[in-house]
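No gaps in the numbering here: position 324 of the sequence shown is 324 in the UniProt record's numbering, and each next residue is one more.
Have a look at the structure below, then the notes.
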Amino acid sequence: MSTKGVTKRAVIVTAIVVIAGLFIAVIVLAIRKRECDIKDNDVHLPIVSLQNRQYILDDFKKGDGINIRWLPNVNSRTQIDTALSIGKYNMIEVNIQTSSGNDPVIGASDGLNLLNTITLLSDANTGIKINVKDNIEAQTVLSTLRNVVLDKPVLISIPILSPGSSFDIDRFKKDLSPLSVKDNYIGVNLAISKTFCERYGIEYGTSEYVSDMIKNLNFPVTKVTIEMTAAIIQSSWKGIKWILDTNPSVKLVISSNSLRVNCTAFDLLLLRNDADKGKLLYNIDEALYQDFVDVLSTAGSPLLYFNITPRDASGIIWSHNTDTWNLLNTATQGDVMMIEGDIMLLGQDTANQTNIPIMAHTVGDNNNITFEQWIDEIIKVDKGMKLDLKSIDAVKPALQIVSRKSSRIKGPVWANADILKGPDGIDPRIPANAFLEAIEEFPNVVLSLGWTTKSKGDNNSLNYTMEMVQEMHNIVKDLQQPITFPVRAEQLIDSLDSFEWLLEKSRGYTLTVWTAHNDNVTKADMDFARRKLEASRVYFDLPRELRPSFI
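Printed below as a string of structure tokens:
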């Protein structure tokens, strides 16, 4: 090959290399530019790892709304200083007193303004809920927030009234829009008023309006809570729960002002037991909070205590008739969650009857273990307990022991008795009125109230009638405690209509399915019952081979 040919080929190869190099360089520059664009945009967008976090809960590394401590109705520097010195509050609620210029005043008497308050709280790792009454107050609050660096939740509470109210939501959204860069920390609280609820209603059939309202408001920030008074919650819980269930990111704030009237710790417990623990926030005063904590420690739902997710009561594992040392040791050391035992008095129904509760299923049983020994073993492992009280004489002595040890009990306590005559059952040993009076020895329990029953045998028509469940409902409908109804498994399927009616009467009602030896029960029947009834409201105290499949 000639020298000229070699030179020509070398030039072509060099040109190709140069062109390829330029092409690669262009690609690299484009990628780098894209990376720079993304970095620039990241300044204005929520951090990806925070997009799915639970607002307020994760900000304080809490997984349960009960652990977020609120101080309501703060209106002075003295109150803030006192709260911060105590150091237990995560969120402080303030009301705007005046809003001249861009300096919203919180403490009318000492001139405390919002900017100073946010600075104080930020230094103390505390968030703030700001209540505004109108658009002028809202605008001054938002103006202040534009000039501060936020690292804890700021919840702006706006009134939602009937149509024609003075608060202009569209104007508020426009004012809020520039703050979307702080979306990780700023949230909007919709204070739903009695007027609004009376106009639209919050029950099945009308609660869709509220749900659609929340979805369609399209706030520039994505953190939305709704706040309701105790009266609204108590009368409309089904609708409120529906709103929470159909709007995964929405939480309910239960406020303090209304809770001082017509609301008890048991009212709050009904809500808590019926919802995910991260969906409810409790902006309540200290006295009610302490009552609430005391009640929920022993009367709270096993689903919450044992962190059953999803909310499926078939996931609770039981030990039945745990009346001997061997059975108790097995239950406390294994995967059992709720331990059931039978209680009578030592010497029950004899001339030598004592006041000492022991573990015994029938008169004459002597398992050499007292109830006090039994409960002490369960306390050591923080499991739940179901006290199957077999005589009225044993109720008060047993509950006195529970009361004495209550500060050490962490798990649920259920008090069970058969108080009515059920399908072909005998007259109950324990009168309903006497049992409910005796419960006052320690009322902070789940009441397990059932019927005496008999095995079906060849009687295929034996079931719980509508009259039976109506009689039970009439007895318990005014009780404040959560109530579960024990149901014999082999008679459940033929009684579904009766129990569906009963469960519809209160969200505080559940069922607990049990069985006796030699009863005709199949796993297929239990799977059917679980599918037919609401999964979070039917417990299965059954042998492993009969329990429905936990999903």
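Yeah, the Cβ is synthetic: ideal placement off N, Cα and C, and Gly gets one too.
Quantities reported herein were computed from a predicted structural model and do not represent experimental measurements.
Going by CA-CA distance only, name the one from the options that's closest to residue i.
| i | options | result |
| --- | --- | --- |
| Asn73 | Lys454, Gln480, Asn95 and Gly315 | Asn95 |
| Val132 | Thr119, Ile118, Leu389 and Ile158 | Ile158 |
| Leu71 | Asp267, Leu244, Thr98 and Ser255 | Ser255 |
| Ala191 | Glu208, Ile226, Leu179 and Lys173 | Ile226 |
| Met385 | Ser391, Asp527 and Glu372 | Glu372 |
| Asp123 | Asp151, Asn326, Leu462 and Asp110 | Asp151 |
| Asn321 | Ile343, Asp458, Leu304 and Pro178 | Ile343 |
| Asp274 | Val336, Asp312, Thr350 and Cys263 | Asp312 |
| Thr222 | Glu208, Asn247, Gln234 and Met337 | Asn247 |
| Asp323 | Lys62, Asn367, Tyr55 and Gly508 | Asn367 |
| Gln54 | Thr117, Asn352 and Val250 | Val250 |
| Phe540 | Ser549, Thr512, Asn520 and Thr522 | Thr512 |
| Pro548 | Pro104, Asn90 and Ile317 | Ile317 |
| Ile169 | Ile186, Leu145, Pro220 and Gly127 | Pro220 |
| Leu502 | Gly63, Leu120 and Ile475 | Ile475 |
| Asp59 | Leu420, Ile128, Thr82 and Val105 | Ile128 |
| Glu137 | Phe167, Leu120, Val149 and Ile118 | Phe167 |
| Lys269 | Ser85, Trp325, Trp514 and Ser301 | Here residue 269 turns out to be Leu, not Lys, going by the sequence shown. Checked all of Ser85, Trp325, Trp514 and Ser301; the closest Cα to Leu269 is Ser301. |
| Gly364 | Leu346, Phe499 and Ile356 | Leu346 |
| Arg429 | Ile401, Thr78, Asp349 and Trp237 | Asp349 |
| residue 560 | Ile56, Asp291, Glu500 and Glu504 | Limits of the chain in this structure are 1 at one end and 551 at the other, which puts residue 560 out of reach. |
| Pro543 | Asp527, Tyr89, Leu533 and Thr515 | Thr515 |
| Lys174 | Asn147, Asp267 and Leu142 | Leu142 |
| Ile240 | Ile68, Val210 and Ala524 | Val210 |
| Glu208 | Phe550, Trp242 and Pro153 | Trp242 |
| Val148 | Pro178, Phe172 and Leu115 | Leu115 |
| His517 | Ile130, Thr264, Lys477 and Glu490 | Glu490 |
| Lys456 | Thr510, Asp519 and Lys61 | Asp519 |
| Asn189 | Arg171, Leu179, Ile130 and Lys532 | Ile130 |
| Ser177 | Gln139, Ile160, Arg531 and Leu280 | Gln139 |
| Leu389 | Pro431, Ala83 and Glu377 | Pro431 |
What are the boundary residues of the beta strand (DSSP E) that residue i is part of?
| i | result |
| --- | --- |
| Asp497 | Where Asp497 is concerned, there is no enclosing beta strand (DSSP E), although the alpha helix (DSSP H) it sits in stretches over Leu496 to Glu504. |
| Asn444 | Careful: Asn444 lies outside any beta strand (DSSP E) and carries neither H nor E. |
| Ile92 | Met91 to Asn95 |
| Asn73 | Trp70 to Val74 |
| Asn189 | Ile186 to Ile192 |
| Ile106 | Val105 to Gly107 |
Output the boundary residues of the alpha helix (DSSP H) element that contains residue i.
| i | result |
| --- | --- |
| residue 563 | Because residue 563 is not part of the residues shown, which for the chain are 1 to 551, the question remains open. |
| Thr78 | Arg77 to Ile86 |
| Lys174 | Ile169 to Leu176 |
| residue 552 | Lying outside 1 to 551, the shown extent of the chain, residue 552 is not represented and no answer is given. |
| Ala360 | No alpha helix (DSSP H) holds Ala360; DSSP gives it neither H nor E. |
| Asn463 | No alpha helix (DSSP H) contains Asn463, which DSSP labels as neither H nor E. |
| Ile375 | Phe371 to Val381 |
| Asn433 | Ala432 to Ala438 |
Just to check my reading of the structure: residue i and residue j have Cβ atoms closer than 8 Å, yes? What is that Cβ distance to the nearest angstrom?
| i | j | result |
| --- | --- | --- |
| Val381 | Thr330 | Rounded, the Cβ-Cβ distance is 12 Å, inconsistent with contact. |
| Glu441 | Leu479 | No, Glu441 and Leu479 are not in contact; Cβ-Cβ is about 15 Å, not under 8 Å. |
| Ile339 | Ser319 | 5 Å |
| Leu436 | Ala415 | With a Cβ gap of about 10 Å, Leu436 and Ala415 do not count as contacting. |
| Val395 | Ala438 | 4 Å |
| Asn463 | Asp494 | 4 Å |
| Pro423 | Val446 | About 24 Å separates the two Cβ atoms, so there is no contact after all. |
| Pro397 | Asn355 | 5 Å |
| Ala529 | Val538 | 7 Å |
| Ile186 | Leu145 | 7 Å |
| Trp110 | Arg77 | Reading the sequence as shown, one finds Asp at residue 110 and not Trp. Sure, about 5 Å apart at Cβ, within 8 Å. |
| Gly508 | Gly278 | Actually they do not touch by this definition, with Cβ atoms about 21 Å apart. |
| Leu546 | Met526 | 6 Å |
| Ile68 | Ile56 | 6 Å |
Examine chain C for any beta-carbon lying closer than 8 Å to the beta-carbon of residue i, and answer yes or no.
| i | result |
| --- | --- |
| Arg77 | Given the protein chain composition of this structure (a single chain), no chain C is represented. |
- Item | Three or more C-beta pairs below 8 Å linking the segment 403-420 and the segment 293-308 | yes
- Complete beta strand (DSSP E) runs within the segment 311-358 (minimum length 3 residues, chain order): 338-345
- Item | Every unbroken alpha helix (DSSP H) inside the segment 477-549 [4 residues or more] | 496-504 and 523-532
- Query: If you scan the segment 113-153 from start to end, which runs of the beta strand (DSSP E) of 3 or more residues do you find wholly inside it?
  - Reply: 127-131
- Message: Quick check: the segment 280-292 against the segment 304-318, are at least 3 beta-carbon pairs closer than 8 Å?
- Response: no
- Message: Across the segment 443-456 and the segment 479-487, are there enough close Cβ pairs to call them in contact, namely three or more that are closer than 8 Å?
- Response: yes
- Could you name each continuous alpha helix (DSSP H) segment of 4 residues or more that falls completely within the segment 389-425, going from the start of the chain to the end? 392-404
- Message: Going residue by residue through the segment 225-277, where are the continuous beta strand (DSSP E) segments of at least 3 residues, counting only ones entirely within it?
- Response: 251-254
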